[in-house]
Amino acid sequence: MRQTQGTKRQTSASASVCPSMRCLKKTLPFLLIFVSLNVHRTLSQEAHPARQRKPFFERLRRLEEQFQRFQQVTLTHLQNIANNYNVYYNMDVRFQSLVEQSQAVALAMNQSQTAIQGDVAHLKTWYRKSQRRSRKVDARLQALDLSLSTKSRQWVEKEGEQKAQREAIASLALSVQALQDALASLTQQVHSQGARLAALEGQTQRATSGTLALGLTTAPTPTQLAQRGPGSLQLWRDRQVAKSSSQHRSSPHDVTVHVQEMQKFHTPSSHQAAPPRTYQGPGNICNTDPVLIFPNTSTENVVFLNPGFLIPLRALSFCSWVRMATSHLGTLLSYATKDNDNKLVLHGRDSLVPGSIHFVIGDPDFRELSLKPLLDGQWHHICIIWTSVEGKYWLHIDRRLVATGSRFREGYEIPPGGSLVLGQEQDTVGGEFDSSEAFVGSISGLAIWDRALLPGEVADLASGKELPTGAILTLTNVTSVGGFVQRAKCTCLEQCP
1 MRQTQGTKRQ TSASASVCPS MRCLKKTLPF LLIFVSLNVH RTLSQEAHPA RQRKPFFERL
61 RRLEEQFQRF QQVTLTHLQN IANNYNVYYN MDVRFQSLVE QSQAVALAMN QSQTAIQGDV
121 AHLKTWYRKS QRRSRKVDAR LQALDLSLST KSRQWVEKEG EQKAQREAIA SLALSVQALQ
181 DALASLTQQV HSQGARLAAL EGQTQRATSG TLALGLTTAP TPTQLAQRGP GSLQLWRDRQ
241 VAKSSSQHRS SPHDVTVHVQ EMQKFHTPSS HQAAPPRTYQ GPGNICNTDP VLIFPNTSTE
301 NVVFLNPGFL IPLRALSFCS WVRMATSHLG TLLSYATKDN DNKLVLHGRD SLVPGSIHFV
361 IGDPDFRELS LKPLLDGQWH HICIIWTSVE GKYWLHIDRR LVATGSRFRE GYEIPPGGSL
421 VLGQEQDTVG GEFDSSEAFV GSISGLAIWD RALLPGEVAD LASGKELPTG AILTLTNVTS
481 VGGFVQRAKC TCLEQCP
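Written out as structure tokens, the structure reads:
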């Protein structure tokens, strides 16, 4: 298209130039003819003298000069026109080239701009991802820093406690060593005084035998008084104390020996202190709640409690009588909500160490507790207590505190509105049970409080006394018993099948 336009311009320019050249060529002969005719007519008409011819030739010469100048000017003008046309034609070609180059540059610029925009978008995306990653890394670093500072503080506190314990142990060792030295000294004194007492008894017997031979009455020996009864022995002690105080006032060791001698000859009587009472076991525990018996690992063996937790719990006490029938404990309690199926779990499984249980609050945090005393197949009373204050927890088995700790879900709240079951571990709210986590055994006297029980209250529970006040859930809240779970009413726990 542009070549066609250039061709048209070239054609129009040549057309404008060519007519002028042609007109000049056509006009020039006529002009010469006209000049020659005028000259001839002038020569033929006028036959004047030489003085008249001279102006004519001068005029003719001037006219010829003017014609030559006009011809030169015309040629110069034509040459200028030709040069200008060549210049214009070259400029048009150059302009066309410049247009094409500018279009190529514009296309390249568009392509470059598109590529740059793509690169900028990619850089923006990468920058946003980098910012997100950097924020995540910063959060992890802050959490790691907090954990390290907490662990460092705990380590310092633990180091201080260990130092205090070492100092206390060293002081206790020194005290024990002093007591051992004093005991050794007292033992040596007792032996020496025992030898003296034996010698005195020998002398007393010889004097008694001599007195009897003379028919005299003598005082009985301490052994004889002991055989007669505690009253005679006490009378002899009073006399010996009075005698020793009057005869041996300057020897304090003899008083000590005398007291030891009195203790040596003191015989047991009906007033002697009785031995302390020992724990008689659950056989004496009667009038408990109905017993729930879980006979096997079927996933249908489940007990539902309703209502669950009605308010958020910042403290918890779980107590129950438990008798295991397998080598692993299984799941005692499972509390699940929509956002977390392990809000509160007490469960064991066949893959764990026998007798161990996971105490879970707000999965994935948990503490592993050892319940090995329950492996004997007998009834045992357990209490698991937790409070969000400093995250402290306690485990009581048969009144005894067997485990404790802190920093476990500190400041956490167990939310209300979940599903609470016994004997199975929930993977969804109210379902998806696993037979490897099922409880096999018996449960009785189960109760839950929204506070931390005191050690005295735990001891009363393990002794079969009434429940402490404030229990929020017991076995009276059972609403559904599934599978092969049986309910048994036993007068005392030892009578349950």
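Take the sequence shown: its position 461, counted from the start at 1, is 461 in UniProt numbering, and no numbers get skipped.
Just so it is clear, CB atoms sit at the ideal spot from N, CA and C, and this is done for glycine as well.
Keep in mind it's a predicted model, so treat the numbers as computed, not measured.
- Burial state of E432, where buried means 16 or more other Cβ atoms lie within 10 Å: exposed
- Query: Residue range of the beta strand (DSSP E) that A488 falls in?
  - Reply: 486-488
- Please say whether I293 and S442 have beta carbons closer to each other than 7 Å? yes
- Between the beta-carbon of K489 and the beta-carbon of G418, is there less than 7 Å? no
- Kindly indicate the opening and closing residues of the beta strand (DSSP E) around E410. From DSSP, E410 is part of no beta strand (DSSP E); its letter is neither H nor E.
- Contact the segment 358-367 vs the segment 441-461: 3+ CB pairs below 8 Å: no
- Buried versus exposed, by CB contacts within 10 Å (16 or more), A462: buried
- Given N306 as reference, the closest of A168, G430, L78 once Cα atoms are compared: G430
- Item | Integer Cβ distance of L369 from S356, believed to fall under 8 Å | 7 Å
- Message: According to DSSP, is P252 part of a helix, a strand, or is it coil?
- Response: Because P252 sits at a pLDDT of 37, beneath the cut-off of 50, its placement in the model cannot be relied upon, and the point is left open.
- Message: Tell me which residues share the same chain as R349 and place their Cβ nearer than 6 Å to its Cβ, disregarding the 5 neighbours each side in the sequence.
- Response: S436, E437
- Query: How do the segment 404-414 and the segment 386-396 stand: do at least 3 beta-carbon pairs fall below 8 Å, yes or no?
  - Reply: yes
- Separation of N90 from V105, as counted between CA atoms: 22 Å
- Item | Buried versus exposed, by CB contacts within 10 Å (16 or more), H77 | exposed
- Query: With burial defined as no fewer than 16 other Cβ atoms inside 10 Å of the residue's Cβ, what is the status of M324: buried or exposed?
  - Reply: buried
- T474 - DSSP class collapsed to helix/strand/coil: strand
- Item | In DSSP terms, what A315 is bridged to | T387
- Start-to-end residues for the alpha helix (DSSP H) that takes in A462: 455-462
- Query: Below 7 Å between beta carbons: does that hold for F484 and N301?
  - Reply: yes
- Task: Could you tell me whether the Cβ atoms of E425 and T331 are closer together than 7 Å?
- Result: yes
- Unbroken stretches of the alpha helix (DSSP H), 4 residues or longer, contained in the segment 60-87: none
- Item | Continuous beta strand (DSSP E) stretch holding T331: start and end | 331-336
- Query: Taking the alpha-carbon positions, what's the T491 to D181 distance?
  - Reply: 56 Å
- Query: Run through DSSP, which three-state label would W394 get?
  - Reply: strand
- Item | Straight-line Cα distance separating S130 from A115 | 22 Å
- Message: Does the distance between the C-beta of L179 and the nearest non-hydrogen atom of the ligand GTP fall short of 6 Å?
- Response: In the structure shown, the ligand GTP is absent, as is every other ligand, since no ligand is present at all.
- Task: Give the secondary structure of R321 by DSSP, where H, G and I count as helix, E and B as strand, and everything else as coil.
- Result: In the sequence under discussion, the amino acid at residue 321 is Trp, which differs from the Arg named in the question. Strand.
- Item | Of the residues P295, I311, L493, C383, the one placed nearest I415, counting alpha carbons only | The sequence as given places Pro at residue 415; Ile does not occur at that position. For P415, the nearest C-alpha among the options comes from I311.
- If you draw a straight line from the alpha carbon of W379 to that of G482, how long is it in whole angstroms? 23 Å
- Give the range of the beta strand (DSSP E) segment to which W379 is assigned. It is not in any beta strand (DSSP E) - W379 carries neither H nor E in the DSSP assignment.
- Message: Is it buried or exposed, T337, if we count other Cβ atoms within 10 angstroms and call 16 or more buried?
- Response: buried
- Message: For a test of the three-state rule: what should DSSP assign to G445, helix, strand or coil?
- Response: strand
- Message: If distances are taken between C-alpha atoms only, which option among R451, N477, R409 comes closest to G308?
- Response: N477
- Just how far apart, CA to CA, sit L141 and L333? 36 Å
- First through last residue of the beta strand (DSSP E) which encompasses R367: 366-370
- Message: Here's the rule I'm using: 16 or more other beta-carbon atoms within 10 Å means buried, otherwise exposed. How should P222 be labelled?
- Response: Below a pLDDT of 50, predicted positions are generally treated as unreliable, and P222, at 49, falls in that range; no measurement from the model is reported.
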